[in-house]
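Student: First the structure, which I've put down as structure tokens, then a few questions once you've had a look.
In the working numbering, the protein residues as written are 13 to 352.
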């Protein structure tokens, strides 16, 4: 009986792919509100440990752990079921970066620039850390014709990303419609629409809804160069409690967008520019804007990346702020830091 037991137990064992992604980050800003104004800083940024493997022919597991100034945390841990269910359907469950828009599902180290756009951090749940929650997702490929493909996705979430300061549960939902086209068999175009809603104050049952649209294309220029154009628009409508005794709330409507152009050339270089604007919650009638230029170089197949960026930020009603950033990304294992 013992040999049979050991064979059965080991049949489902899968050795996962293991990757480690680290980074060094340096900033210098003239923001007078910063304690490091006009002083260059150098920090070890967040380090990620990625484990993933096929558990069997039907399912795949993924774990992403991070270590940073806030300590050790589980950034993602989910199961993907991709076979053994109706054709065109996939299931996902666990903790993950929510599939709202184009950038949020992607880890920031995989962006072609440094730092998450300000508009996403201001308008999506989760802020600078991204829209990340525990939930279950079902996605379906819709019937299509020709060079057109569409996917519809729905998620039910725990909802804690909408009310991080409260422990009581209140569910949230997300849905997305993604459409992909191919022009002249060489120019892809992606157009998507996303929506989410959750409870921002469980005690008084006030809600936040975010709705967005996005577009992306990649234009081939030469054999070793292409130009990516991408943008997202978001609209946030939130009922904000202004009197915690009575539960009286005000409805605050805000919007924002980002758009960027990224030129990839000579295989290992990229350069681009981004425009970003949004209405901050503390002053929803004002508009904060920023313009950023960025440059990157990949050393030997993207296992090591060097990036530099300059941002001029225009906070509504205040003096412009200039920031120069430098980042080094380095990885071990099959997961590269740049897969955008």
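Glycine is no exception: its CB is placed at the ideal position from the N, C-alpha and C atoms. As the structure is a prediction and not an experimental result, all values here were calculated from the model.
Is the separation between the beta-carbon of residue 142 and that of residue 188 shorter than 8 Å?
Tutor: In the chain shown, residue 142 corresponds to position 130, counting from 1. In the chain shown, residue 188 corresponds to position 176, counting from 1. No.
Student: Mind checking residue 351: buried by the 16 CB within 10 Å criterion, or exposed?
Tutor: Here residue 351 is taken as the residue at index 339 of the chain shown, counted from 1. Only weak support is given to the placement of residue 351: the predicted model assigns it a pLDDT of 46, under 50, and the value that follows is read from those uncertain coordinates. Residue 351 should be labelled exposed.
Student: Hey, quick one: how far does the alpha helix (DSSP H) through residue 8 stretch, first residue to last?
Tutor: Outside the displayed span of the chain (13 to 352) sits residue 8, for which this structure offers no information.
Student: Please report the Cβ distance between residue 150 and residue 170, rounded to the nearest whole angstrom; I am assuming they are in contact, meaning their Cβ atoms lie under 8 Å.
Tutor: Here the question's residue 150 lines up with position 138 in the chain shown. Here the question's residue 170 lines up with position 158 in the chain shown. Wrong, their Cβ atoms sit about 16 Å apart, outside the cutoff.
Student: Just checking my contact of residue 115 with residue 268 at CB under 8 Å: how many whole Å lie between their CB atoms?
Tutor: Within the chain shown, numbered from 1, the residue matching residue 115 stands at position 103. Within the chain shown, numbered from 1, the residue matching residue 268 stands at position 256. About 13 Å; that fails the 8 Å criterion.
Student: Using alpha carbons as the reference points, say which of 38, 71, 51, 85 lies closest to residue 60.
Tutor: Taking the chain shown and counting its residues from 1, the one referred to as residue 60 is at position 48. Of 38, 71, 51, 85, the residue nearest in Cα terms is 85.
Student: Roughly how many angstroms lie between the CA atoms of residue 124 and residue 138, to the nearest whole one?
Tutor: Start at 1 with the first residue of the chain shown, and residue 124 comes out as number 112. Start at 1 with the first residue of the chain shown, and residue 138 comes out as number 126. Distance between the alpha carbons of residue 124 and residue 138: 21 Å.
Student: Exposed or buried, which one is residue 181 when buried takes at least 16 other CB atoms within 10 Å?
Tutor: Numbered from 1 along the chain shown, position 169 holds the residue referred to as residue 181. With fewer than 16 other Cβ atoms within 10 Å, it is exposed.
Student: Return the chain-ordered list of same chain residues with a C-beta closer than 8 Å to the C-beta of residue 173, the five sequence neighbours on each side being excluded.
Tutor: Here residue 173 corresponds to residue number 161 of the chain shown, with the count starting at 1. Exclusion of the five residues before and after residue 173 leaves 110, 137, 138, 143, 144, 145, 184, 210 as the residues of its chain whose Cβ lies within less than 8 Å of its Cβ.
Student: Can you list the beta strand (DSSP E) stretches of 3 or more residues lying completely in the segment 248-294, in chain order?
Tutor: 260-277, 281-290
Student: Taking DSSP as the reference, what is the three-state secondary structure of residue 121?
Tutor: Residue mapping note: residue 121 aligns to position 109 of the chain shown, counting from 1. Helix, per DSSP.
Student: Taking all protein chains shown into account, decide if residue 344 is buried (16 or more other Cβ within 10 angstroms of its Cβ) or exposed.
Tutor: The residue labelled residue 344 in the question sits at position 332 within the chain shown. By the neighbour-count rule (16 or more Cβ atoms within 10 Å), residue 344 is not buried but exposed.
Student: According to DSSP, is residue 48 part of a helix, a strand, or is it coil?
Tutor: On the chain shown, residue 48 is found 36 positions in, with the first residue counted as 1. If DSSP states are grouped into helix, strand and coil, residue 48 belongs with coil.
Student: If you draw a straight line from the alpha carbon of residue 95 to that of residue 27, how long is it in whole angstroms?
Tutor: Position 83 of the chain shown, counted from the first residue, corresponds to residue 95. Position 15 of the chain shown, counted from the first residue, corresponds to residue 27. Distance between the alpha carbons of residue 95 and residue 27: 20 Å.
Student: Could you tell me if residue 175 is buried or exposed, where buried requires 16 or more neighbouring beta carbons within 10 angstroms of its beta carbon?
Tutor: By 1-based counting over the chain shown, the position of residue 175 is 163. Buried is the call here.
Student: Report, in whole angstroms, the separation of the C-beta atoms of residue 227 and residue 254, which I expect to be a contact under 8 Å.
Tutor: Within the chain shown, residue 227 is the residue found at index 215, counting from 1. Within the chain shown, residue 254 is the residue found at index 242, counting from 1. Not confirmed; about 36 Å, so no contact.
Student: Taking the alpha carbon of residue 105 as the reference point, which residue from 72, 88, 148 has its own alpha carbon closest?
Tutor: As a first step, residue 105 is located in the chain shown; it is residue number 93 there, counting from the start. Cα-wise, what sits closest to residue 105 is 148.
Student: Taking DSSP as the reference, what is the three-state secondary structure of residue 197?
Tutor: Within the chain shown, numbered from 1, the residue matching residue 197 stands at position 185. DSSP places residue 197 in coil when its eight states are reduced to three.
Student: Within the same chain, show all residues whose beta-carbon is closer than 7 Å to that of residue 42, passing over the 5 residues directly before and after it, in chain order.
Tutor: Walking along the chain shown from the start, residue 42 turns up at place 30. If we look at residue 42 and ignore the five residues flanking it on each side, its Cβ neighbours are 49, 50, 333, 334.
Student: Taking buried to mean at least 16 other C-beta atoms within 10 Å of its own C-beta, is residue 167 buried or exposed?
Tutor: Taking the chain shown and counting its residues from 1, one reaches residue 167 at position 155. Buried, by the Cβ-count rule.
Student: In or out: residue 76 buried (at least 16 other Cβ within 10 Å) or exposed?
Tutor: Numbered from 1 along the chain shown, position 64 holds the residue referred to as residue 76. With 16 or more Cβ atoms within 10 Å of its Cβ, residue 76 is classed as buried.
Student: Thinking just about the alpha-carbon of each residue, which of 243, 219, 221 is nearest to the one in residue 230?
Tutor: As a first step, residue 230 must be located in the chain shown, where it is residue number 218. Answer by Cα proximity: 243.
Student: Using a Cβ-Cβ distance cut-off of 8 Å, determine whether residue 251 contacts chain D.
Tutor: Checking the listed chains, one finds no chain D in this structure; it contains a single protein chain.
Student: Could you name each continuous beta strand (DSSP E) segment of 3 residues or more that falls completely within the segment 133-164, going from the start of the chain to the end?
Tutor: 144-154
Student: Assuming residue 129 and residue 286 make a contact with CB atoms under 8 Å, what is their CB distance in whole Å?
Tutor: By one-based count along the chain shown, residue 129 stands at place 117. By one-based count along the chain shown, residue 286 stands at place 274. Between residue 286 and residue 129 the Cβ distance is about 7 Å, and since that is below 8 Å, they are a contact.
Student: Are the CB atoms of residue 246 and residue 131 within a distance shorter than 8 Å?
Tutor: Residue mapping note: residue 131 aligns to position 119 of the chain shown, counting from 1. Residue mapping note: residue 246 aligns to position 234 of the chain shown, counting from 1. In contact: residue 131 and residue 246 (Cβ atoms closer than 8 Å).
Student: Return the Cβ separation of residue 279 and residue 339 in integer angstroms, given the expectation that the two are a contact with Cβ distance under 8 Å.
Tutor: The sequence position of residue 279 within the chain shown is 267, counting from 1. The sequence position of residue 339 within the chain shown is 327, counting from 1. Wrong, their Cβ atoms sit about 20 Å apart, outside the cutoff.
Student: Within the chosen definition, does the segment 215-227 reach the segment 251-266 through at least 3 CB pairs nearer than 8 Å?
Tutor: The segment 215-227 vs the segment 251-266: in contact.
Student: Between the C-alpha atoms of residue 152 and residue 160, what's the straight-line distance to the nearest angstrom?
Tutor: As a working note, residue 152 is residue 140 in the chain shown. As a working note, residue 160 is residue 148 in the chain shown. Answer to the nearest angstrom: the Cα atoms are 15 Å apart.
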